[in-house]
Structure formats: structure tokens, C-alpha cells
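Asks:
Residue numbers (my numbering): 40 to 211.
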């Protein structure tokens, strides 16, 4: 999904490489913002500067600089969706409302569509939500069902398309 968006950048923005690279830079900025959001949530507003420092440190890493400046990669977008999904799942302290479940399912579905290796995020996050003792069981199963429905609605059309085009639900 993100790869399609960035490759369409050449068509949408007149083929100017600098303009298309801004789509990649967008992924880096979103990751830095998501890091700041998580630090603020976990440590409190007084430590917001730590989030910005972590974001700046992340953006100054050579592998990230390469991806931002030379290569249109999808890993930064995957990292952004993973961090936001983690934040949404972490907010479910005592219950998982169905609205939050829909958001979480859509985020996990988009992460899976960006890169299939997101399954290594989805499975542990799902196990964490199932095993987590803080969540009361009554309000929980409806939220988990909402996660599953939203993820399937997000991924399903793409899998059907791949099955029709390539005779398998995934593309290799």
C-alpha cells in the first residue's frame, strides 16, 4: 500500500525526484512523531523532550538517512503504523472498546499490506492482548472481534485481488 503510494508519486507529482522523496521523508517524520507520542504517553508530558531526542536520534541513524535520501523504502511507514498500533493497543488498560478495536485492526491491516513481515508485529501484539491480565473479559471479546473484522476488511480486498491476478493471496 505504501509502496504503491510512493511509486505513484512519480505520476502524481510530475516525476520530480525531490518531490517524490518528500513522501519518504514523510515516513521519517511520522516515525519521529510517533516516538514522541509514545514517550509522552508512557513517561508523562514532562519527558516530551526525550521523545523528540529519540526521534532526532532515530532520524540521524545512517540506515534511516539512506532510506530518506536515496531510496524509496516502505520500512519507515511500517514502523509508523507499528508504533501507532502499539499506542492504540496500550490504551486498552481495562477494556478494549469496539471503536478502538476497529482502529487497531485497520492499523494492523495496513501494516500487513505495507510489508508481510508485519506478521511478526501482529502475532505478538495479539497474544499480548489475549494474555494481558488488565483487560476485563466482558468488554474484551467484542473489541477483539472488532480488531479481527477491521483487519480482514482492510486486507481482504487486496488478498482477493492477488488471488485473481496471481492465483495465490500473496505476491512474491
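Each residue gets a CB set at the ideal place from its N, CA and C atoms; glycine is no exception.
Output needed for residue 161: all residues of its chain with C-beta closer than 6 angstroms, excluding positions within five of it in sequence on either side, in chain order.
Replies: 147
Asks: With DSSP collapsed to three states, give me the class of residue 141.
Replies: helix
Asks: Residue 150: beta carbon under 7 angstroms from a heavy atom of the ligand ADP?
Replies: As far as ligands go, the structure on display features none, and thus does not contain the ligand ADP.
Asks: Does DSSP put residue 76 in a helix, a strand or coil?
Replies: helix
Asks: How is residue 208 classed by DSSP in three states: helix, strand or coil?
Replies: coil
Asks: For residue 73 and residue 120, I'd like the C-alpha separation in whole angstroms.
Replies: 9 angstroms
Asks: From what residue to what residue does the alpha helix (DSSP H) around residue 158 run?
Replies: 158 to 170
Asks: Could you check how far apart the C-beta atoms of residue 143 and residue 124 are, in whole angstroms? I think they sit under 8 angstroms.
Replies: 6 angstroms
Asks: Determine contact between the stretch 77 to 88 and the stretch 98 to 116, defined as no fewer than three beta-carbon pairs at a distance below 8 angstroms.
Replies: no
Asks: Straight-line CA distance for residue 179 to residue 168?
Replies: 9 angstroms
Asks: For residue 151, which residues of its own chain have a beta-carbon under 6 angstroms away from its beta-carbon, when the five flanking residues on both sides are left out?
Replies: 157, 194
Asks: Can you tell me where the alpha helix (DSSP H) holding residue 135 begins and where it ends?
Replies: Looking at the DSSP string, residue 135 is not in any alpha helix (DSSP H), and its letter there is neither H nor E.
Asks: Suppose contacts are defined by Cβ-Cβ distances below 8 angstroms. Is residue 131 in contact with residue 138 by that definition?
Replies: Contact flag unset, no.
Asks: Would you mind reading off the limits of the alpha helix (DSSP H) that contains residue 104?
Replies: 101 to 108
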